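*Asks:*
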Amino acid sequence: MRLRPGSLFARVLLTLLLSFGSFALITFGSMVYYVLYPVVQRSTADLAAFMELSARTLLLLPSQARDDYQAKLLDEYQVRLLSGSEPPQNLDDYFYPYVVRLSQALSLRLDRPVRMKSNLIDGRRWFWIDLETSSGRVWAGIPRDRIGTRPMIGVVVICALAVLLVVLTAAILARRVTAPLTRLSQAAEEVAKGRSPEPLAETGPRELANLARQFNETSQQVRELLADRTVLLSGISHDLRTPLTRLRLALEMLPDDTDASLKARMRRDIEEMSAQIGQAVELGGTLGAGARDPEDLAKLVSEVVGHRPRILWRPLGRCIHSVNALALRRILGNLIENALRYSNGTVEVRLDCRHETPALFVLDRGPSIPDAEREAVFRPFYRLERSRNRNTGGSGLGLAVARQLAVANEMEIALSDRDGGGLIASIRLPAARAGDDTELVH
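Take any residue in the sequence shown, note its place counting from 1, add 92, and you have its number in this note's numbering.
1) Buried or exposed: which applies to residue 480, given that a residue is buried once 16 or more other Cβ atoms fall within 10 Å of its Cβ?
2) Using a Cβ-Cβ cutoff of less than 8 Å, which residues in the same chain neighbour residue 396 once the five nearest sequence positions on both sides are dropped?
3) Let's test the definition: count the other Cβ atoms within 10 Å of the Cβ of residue 302 and tell me whether it reaches 16, buried, or not, exposed.
4) So, with DSSP's three-state summary, where would you put residue 358?
5) Run through the segment 367-445 for me and flag every whole alpha helix (DSSP H) of 4 or more residues, listed as ranges in chain order.
6) Quickly, what does DSSP pair residue 175 with across the bridge? List them, please.
7) Can you have a look at residue 251 and say buried or exposed, based on whether 16 or more other CB atoms are within 10 angstroms of its CB?
8) Quick one: complete beta strand (DSSP E) runs, 3+ long, within the segment 208-292?
9) If you count every other CB in all the chains shown that lies within 10 Å of the CB of residue 413, and 16 or more means buried, which is it?
10) What did DSSP end up calling residue 473 once you bin it into helix, strand or coil?
11) Straight-line CA distance for residue 507 to residue 516?
12) Do residue 49 and residue 197 have their C-beta atoms within less than 8 Å of each other?
13) Quick one: what does DSSP say residue 463 is sitting in, helix, strand or coil?
14) I need the straight-line Cα distance from residue 166 to residue 212, nearest angstrom please.
15) For the segment 208-222 and the segment 155-166, state whether three or more C-beta atom pairs, one from each stretch, are separated by less than 8 Å.
16) What is the DSSP secondary structure of residue 298, reduced to helix, strand or coil?
17) Taking a contact to mean a Cβ-Cβ separation below 8 Å, would you say residue 438 touches residue 522 in this structure?
18) Measuring alpha carbon to alpha carbon, tell me which of 392, 402, 348, 220 ends up nearest residue 408.
19) The beta strand (DSSP E) with residue 508 in it runs from where to where?
20) If distances are taken between C-alpha atoms only, which option among 142, 247, 415, 333 comes closest to residue 364?
21) Using three-state DSSP, classify residue 494 as helix, strand or coil.
22) With a CB to CB cut of under 6 Å and the five nearest residues on each side skipped, what residues in its chain are close to residue 456?
23) What's the C-alpha gap between residue 453 and residue 369?
24) Report all residues from its chain with a CB closer than 6 Å to the CB of residue 220; omit the five preceding and five following residues, and keep chain order.
25) Taking the alpha carbon of residue 441 as the point to measure from, which residue in 500, 403, 216, 459 has its own alpha carbon closest?
26) Give the DSSP-derived three-state secondary structure of residue 518 in the structure shown.
27) Mapping DSSP to helix, strand and coil, what is residue 524?
28) Is the segment 296-311 in contact with the segment 333-342, if contact means three or more CB pairs nearer than 8 Å?
29) Are the CB atoms of residue 497 and residue 263 within a distance shorter than 8 Å?
30) Determine whether the beta carbon atoms of residue 265 and residue 276 lie at a separation below 8 Å.
31) Verify whether the separation of the beta carbon atoms of residue 272 and residue 300 is less than 8 Å.
32) Closest to residue 236 by CA distance: which of 247, 175, 216, 254 is it?
33) Considering only their Cβ atoms, is the gap separating residue 194 from residue 223 smaller than 8 Å?
34) State the CB to CB distance for the pair residue 410 and residue 388, rounded to an integer number of angstroms; the pair is presumed to be in contact (CB under 8 Å).
35) Using 8 Å for Cβ pairs, my map puts residue 470 next to residue 489. What's the rounded Cβ distance?
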């Protein structure tokens, strides 16, 4: 799942990261303050007492016994004592937190500040602390490996593991919470486009399982309603076409002396009624998505335009793109018929195949459509009597059929003003899928 800003997954993930991150920081801080710090404090206090006692003991011993005592301390406790001289080869002023805490413990015991130094002996780093007692001065040293801890490395490792664990846990939880909702959103989008998605898995938490079950039931009810509507409209169409056929027969059987203009008007009315019935059935039928196959769009447009009058169309060459050809023919045909109906001038058809999403344009010089009504004209039976009506207007179904077909096949239809007056109807085709054959004109 891709992390998109503003998505439910991103917000849930951010919330969990902040929550788990805060908990991890509080836990880590509590462990350091209430567990590690007291242990270090007790350890350094004990070592400080031992070093002070060893230094005082060394100064009290006779000279001939000091070497053996120093060797014993080094061998058993890894503590060096130097009396009368400072340790050579002073390196730097960096000291481990443990050594700093040890010097603080010694300062408290000696009731004065102590000096610290560091050097290398046989490749081992030693830390030295100046112990000035009432009996004399002694430098006490301990090797780095005696401390046995690497606090900075430990902090880095713990923080890295904590961050990794927090991120993984938050991502898994966010994924489990949002994945069913994402599938539900995608299925709802499929239903909105007139498709029939696969039923959702009714598993997971009780609330999400109930939601998936209700969506599946609603989706099934929508499919049944659409099927019932199709059957109903088909039945109405059949019932209406029968009397229309009788009217045609009756019209043909009228006496020869019947007014010719009357017969022409009657014939025109019958044909208009038949066309409206056909459009209503088409709207109520299954306007779902069809197969997308590679098509030469220039050739397809030429076939749709055919020999219709008042159409300007200049093919630019081959333009291969995968599309539902049947749906595109019907959409383009409806837009051309709509432009011819409302425009007295030439209707121009253009094909833009320079991008990954080719587009078709139908341009006319008829009356424009107000911005507030450019979406309303795609509703069934919606008509603009005052703005785009030459005689009585159309049935109000042509654009509705075109929009439903476009949505079902991932196309986009939009209306806009044309420079100099008129309207532009554009059809934006879907982008090519992986493996589709495309050949664009540049």
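The beta carbon of each residue, even a glycine, is placed where N, CA and C say it ideally should be.
No experiment lies behind these values; they were computed from the predicted model shown.
*Replies:* Checking against the coordinates, here is how it stands:
1) For the purposes of this step, residue 480 is identified with residue 388 of the sequence shown, where counting begins at 1. Below a pLDDT of 50, predicted positions are generally treated as unreliable, and residue 480, at 45, falls in that range; the measurement from the model is reported next regardless. Classification for residue 480: buried.
2) Here the question's residue 396 lines up with position 304 in the sequence shown. So the qualifying residues of the chain are 421, 424, 425, 428.
3) Along the sequence shown, read from residue 1 onward, the residue named residue 302 stands at position 210. Residue environment for residue 302: exposed (fewer than 16 other C-beta atoms within 10 angstroms of its C-beta).
4) By 1-based counting over the sequence shown, the position of residue 358 is 266. In the structure shown, residue 358 sits in a helix (DSSP, three-state: H, G or I).
5) 389-397, 417-434, all fully within the segment 367-445.
6) Along the sequence shown, one-based indexing puts residue 175 at 83. DSSP, once it has assigned bridges, lists 230 as partnering residue 175.
7) Numbered from 1 along the sequence shown, position 159 holds the residue referred to as residue 251. By the 10 Å Cβ count, residue 251 comes out exposed.
8) You should have 208-213, 216-225, 228-235.
9) Locating residue 413 in the sequence shown gives position 321, where the first residue counts as 1. Burial call: buried.
10) Numbered from its first residue, the sequence shown carries residue 473 at position 381. Residue 473: coil per DSSP, three-state reduction.
11) Residue numbering aside, residue 507 sits at position 415 when the sequence shown is read from its first letter. Residue numbering aside, residue 516 sits at position 424 when the sequence shown is read from its first letter. Answer to the nearest angstrom: the Cα atoms are 6 Å apart.
12) Nothing about residue 49 can be reported from this structure: the residues present for the chain run from 93 to 534 only.
13) Against the sequence shown, residue 463 aligns to sequence position 371. Three-state DSSP puts residue 463 in a helix.
14) Against the sequence shown, residue 166 aligns to sequence position 74. Against the sequence shown, residue 212 aligns to sequence position 120. Rounded to the nearest angstrom, the two C-alpha atoms are 15 Å apart.
15) As far as the Cβ criterion goes, the segment 208-222 does not touch the segment 155-166, which means the pair count is below three.
16) What you label residue 298 is simply residue 206 of the sequence shown in a count that begins at 1. In this structure, residue 298 counts as helix in the three-state DSSP scheme.
17) Along the sequence shown, read from residue 1 onward, the residue named residue 438 stands at position 346. Along the sequence shown, read from residue 1 onward, the residue named residue 522 stands at position 430. Result no, Cβ atoms of residue 438 and residue 522 do not sit closer than 8 Å.
18) Position 316 of the sequence shown, counting from 1, holds the residue named residue 408. Minimum Cα distance to residue 408 is reached at 392.
19) In the sequence shown, the residue the question calls residue 508 occupies position 416. 504-509 is the extent of the beta strand (DSSP E) around residue 508.
20) Counting from one through the sequence shown, the residue named residue 364 turns up at place 272. For residue 364, the closest C-alpha among the options 142, 247, 415, 333 is that of 333.
21) In the sequence shown, the residue the question calls residue 494 occupies position 402. Reduced to three states, the DSSP call for residue 494 is helix.
22) Numbered from its first residue, the sequence shown carries residue 456 at position 364. Non-local beta-carbon contacts of residue 456 in its own chain, meaning distances under 6 Å to residues more than five positions away in sequence, involve 431, 435, 439, 514, 515 in chain order.
23) Along the sequence shown, one-based indexing puts residue 453 at 361. Along the sequence shown, one-based indexing puts residue 369 at 277. The straight-line gap from Cα to Cα measures roughly 28 Å.
24) Locating residue 220 in the sequence shown gives position 128, counting from the first residue. So the qualifying residues of the chain are 179, 209, 231, 233.
25) Counted from its first residue, the sequence shown places residue 441 at position 349. Residue nearest to residue 441 within the set 500, 403, 216, 459 is 403 (criterion: CA-CA distance).
26) Locating residue 518 in the sequence shown gives position 426, where the first residue counts as 1. Of the three classes helix, strand and coil, the one that applies to residue 518 here is strand, per DSSP.
27) Against the sequence shown, residue 524 aligns to sequence position 432. Residue state for residue 524 is assigned as coil, using DSSP reduced to three classes.
28) By the Cβ test, the segment 296-311 is not in contact with the segment 333-342, since fewer than three Cβ pairs between them sit closer than 8 Å.
29) Residue 263 sits at position 171 when you count from the first residue of the sequence shown. Residue 497 sits at position 405 when you count from the first residue of the sequence shown. If you check the CB distance, residue 263 and residue 497 do not come in under 8 Å.
30) The sequence position of residue 265 within the sequence shown is 173, counting from 1. The sequence position of residue 276 within the sequence shown is 184, counting from 1. It is not a contact, given that the beta carbons lie outside the stated cut-off.
31) For this step, residue 272 is matched to residue 180 along the sequence shown. For this step, residue 300 is matched to residue 208 along the sequence shown. Residue 300 is positioned such that its CB atom lies closer than 8 Å to that of residue 272.
32) Position 144 of the sequence shown holds residue 236. The candidate whose alpha carbon is nearest that of residue 236 is 216.
33) Numbered from its first residue, the sequence shown carries residue 223 at position 131. Numbered from its first residue, the sequence shown carries residue 194 at position 102. The criterion of a C-beta distance shorter than 8 Å is not satisfied by residue 223 and residue 194.
34) Position 318 of the sequence shown, counted from the start, is the residue given in the question as residue 410. Position 296 of the sequence shown, counted from the start, is the residue given in the question as residue 388. With 8 Å as the limit, residue 410 and residue 388 qualify as a contact, their Cβ atoms being about 6 Å apart.
35) Translated into positions along the sequence shown, residue 470 becomes position 378. Translated into positions along the sequence shown, residue 489 becomes position 397. That belief does not hold up - the Cβ atoms of residue 470 and residue 489 are roughly 10 Å apart, past 8 Å.
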